[in-house]
Amino acid sequence: MPSRARKEKYFAKLTKLFNTYERMFIVGVDNVGSKQMQDIKMTLRGSAEVLNGKNTQMRRAISNMYDDRPDLYDLIAELKTNVAFVMTSGDLVDVKKVIDSNQVPAAARAGAMAPVDVWIPKGPTGLDPAQTSFFQALNIPTKINKGSIEIIQDVQVVKKDFRVGPSEAALLNKLGKKPFNYGLVVKKVFESGSVFDPSVLEISTDDLMAKFAEACNNVAAVSLAVGYPTECSLSHSVINGFKEIAAVGLAADYIFDQIKKVKEIIDNPEAFAAAAAVAAPAGGGGGGGGGGG
21 MPSRARKEKY
31 FAKLTKLFNT
41 YERMFIVGVD
51 NVGSKQMQDI
61 KMTLRGSAEV
71 LNGKNTQMRR
81 AISNMYDDRP
91 DLYDLIAELK
101 TNVAFVMTSG
111 DLVDVKKVID
121 SNQVPAAARA
131 GAMAPVDVWI
141 PKGPTGLDPA
151 QTSFFQALNI
161 PTKINKGSIE
171 IIQDVQVVKK
181 DFRVGPSEAA
191 LLNKLGKKPF
201 NYGLVVKKVF
211 ESGSVFDPSV
221 LEISTDDLMA
231 KFAEACNNVA
241 AVSLAVGYPT
251 ECSLSHSVIN
261 GFKEIAAVGL
271 AADYIFDQIK
281 KVKEIIDNPE
291 AFAAAAAVAA
301 PAGGGGGGGG
311 GGG
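Start counting at 1 in the sequence shown, then tack on 20, and there's your number in this note's numbering.
Shown next as structure tokens:
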């Protein structure tokens with residue numbers, strides 16, 4: 021197929037997908053081979069669709085759709101390095117779990133950027149003494165034990181976000197280590213015209229409710245401090261108002277139903293203390309244990 025025809029077909033497919041799906045992930049595809057990519061597409065079949073291509077082509081296609089889909093324009097800024105789209109109409113959290121689970125162990129290659137720290141634990145390596153030079157090149161302390169090389173202490177051979185050196189790669193391969201896991205890496209999420217960090221998907225309903233309650237408490241505190249009533253401070257204002265009314269009633273010996281119990285406690289605190297002591301064991305033995313401390 022001529023190059024122009026391929027591009028037109030790609031643009032048509034990309035336009036169709038953007039008009040079909042409202043939610044998508046921008047994913048990094050570094051170190052993902054064609055076989056792994058096909059396996060990921062198979063796993064996502066029915067729940068999401070993967071679209072990859074040249075960034076220039078994707079940017080051009082989105083620019084051409086600006087009149088009809090201006091909400092897509094912010095995606096252009098995310099088309100950097102080696103990325104692809106994972107488009108879905110399903111639940112973003114569920115699709116992300118599938119993406120994150122499709123990781124393939126890989127050996128450390130010289131020159132590759134390390135996604136994680138790599139440590140070699142102390143203990144026997146199974147290598148014969150003739151291989152000592154690999155360890156010496158990295159200043160790893162060893163000894164010969166029962167005819168094989170033994171590492172004396174745990175050693176970090178690769179640091180995260182640093183490139184793997186030739187000596188480190190050779191040693192890890194000698195030891196049969198595959199320290200890295202490669203797969204699609206979710207960089208950004210797009211939904212309803214907004215581009216946001218994938219960490220937002222990890223926020224649960226409980227997290228939102230806790231933050232909302234914290235914000236309400238802060239608003240209530242400020243409202244009470246400045247004497248400006250709000251919905252958040254209303255319950256506190258009512259309780260504080262009742263306390264003042266109760267105090268006036270007790271001081272004036274004007275007892276109404278809501279403060280009768282308080283009056284009884286004030287008049288006979290010993291009886292109340294005795295009743296509380298009798299009721300305490302029925303409330304749970306755990307509290308008594310804490311009091312012993």
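Ideal Cβ positions, reconstructed from N, Cα and C, are used throughout, including at glycine. Fair warning: this is a prediction, and the values are worked out from it, not measured in the lab.
Might you give, ordered along the chain, the residues of its own chain that have their beta carbon closer than 7 Å to the beta carbon of residue i, omitting 5 neighbours on each side?
i	result
arginine 79	Ile96, Leu99
alanine 189	Ala128, Arg129, Ala130
threonine 162	Thr152, Phe155, Ile169, Glu170, Ile171, Ile172
proline 262	One point to set straight first is that residue 262 is phenylalanine, not proline, in the sequence displayed. Once the five neighbours on either side are set aside, phenylalanine 262 has no close Cβ partner at all.
asparagine 102	Gly48, Val49, Asp50
Should residue i be labelled buried (16 or more other beta-carbon atoms within 10 Å of its own) or exposed?
i	result
serine 121	exposed
threonine 225	exposed
glycine 311	Only weak support is given to the placement of glycine 311: the predicted model assigns it a pLDDT of 47, under 50, and the value that follows is read from those uncertain coordinates. Label assigned to glycine 311: exposed.
proline 199	buried
threonine 145	buried
isoleucine 160	buried
valine 177	buried
lysine 281	exposed
For residue i, does the three-state DSSP call read helix, strand or coil?
i	result
valine 268	helix
glutamate 42	coil
proline 289	helix
asparagine 84	helix
valine 184	coil
proline 135	coil
leucine 19	Because the chain spans 21 through 313 in this model, residue 19 falls outside it and cannot be assessed.
asparagine 102	coil
serine 168	strand
isoleucine 275	coil
proline 125	strand
asparagine 51	coil
glutamine 176	strand
threonine 162	strand
alanine 130	coil
Excluding the 5 residues preceding and the 5 following residue i in the sequence, name in chain order all residues of the same chain whose CB lies nearer than 6 Å to its CB.
i	result
asparagine 51	Tyr202
phenylalanine 216	Val209
alanine 81	Phe31, Leu34
phenylalanine 292	Ile285
Note down, in chain order, each residue of its chain lying with its Cβ closer than 8 Å to the Cβ of residue i, except the 5 sequence neighbours on either side.
i	result
glutamine 123	Asn201, Tyr202, Gly203
alanine 267	none
isoleucine 60	Val52, Val70, Ile119, Asn122, Gly203, Leu204
glutamine 56	Asn122, Val124, Tyr202, Gly203
leucine 37	Glu69, Leu71, Phe105, Met107
phenylalanine 276	Gly269
aspartate 137	Gln176, Val178, Lys179, Lys180
aspartate 273	none
CA-CA distance, residue i and residue j?
i	j	result
alanine 271	isoleucine 265	10 Å
valine 118	threonine 63	8 Å
isoleucine 259	leucine 221	39 Å
isoleucine 279	isoleucine 285	10 Å
alanine 296	glutamate 290	10 Å
asparagine 193	isoleucine 164	20 Å
serine 253	glycine 247	10 Å
valine 206	serine 54	18 Å
glutamate 42	leucine 147	55 Å
aspartate 114	serine 67	9 Å
proline 186	glycine 167	26 Å
serine 212	aspartate 94	12 Å
threonine 250	alanine 230	20 Å
leucine 158	alanine 126	21 Å
lysine 197	glycine 73	32 Å
leucine 195	glutamine 58	30 Å
isoleucine 223	lysine 283	48 Å
How about residue i: is its C-beta nearer than 8 Å to some C-beta of chain D?
i	result
leucine 37	No chain D appears in this structure, which consists of one protein chain only.
Segment contact flag, the segment 75-89 with the segment 236-249, C-beta cutoff 8 Å, min 3 pairs
no
Should the segment 133-142 be regarded as contacting the segment 163-172, the criterion being three or more beta carbon pairs within less than 8 Å?
Flag = yes, the segment 133-142 and the segment 163-172 touch.
If we count Cβ pairs, one from each stretch, closer than 8 Å, do we get three or more for the segment 102-109 versus the segment 39-49?
These segments touch.
With three or more beta-carbon pairs closer than 8 Å as the criterion, would you say the segment 223-240 touches the segment 143-157?
no
Does the structure place the segment 71-78 close enough to the segment 31-42 that three or more beta carbon pairs sit under 8 Å?
yes
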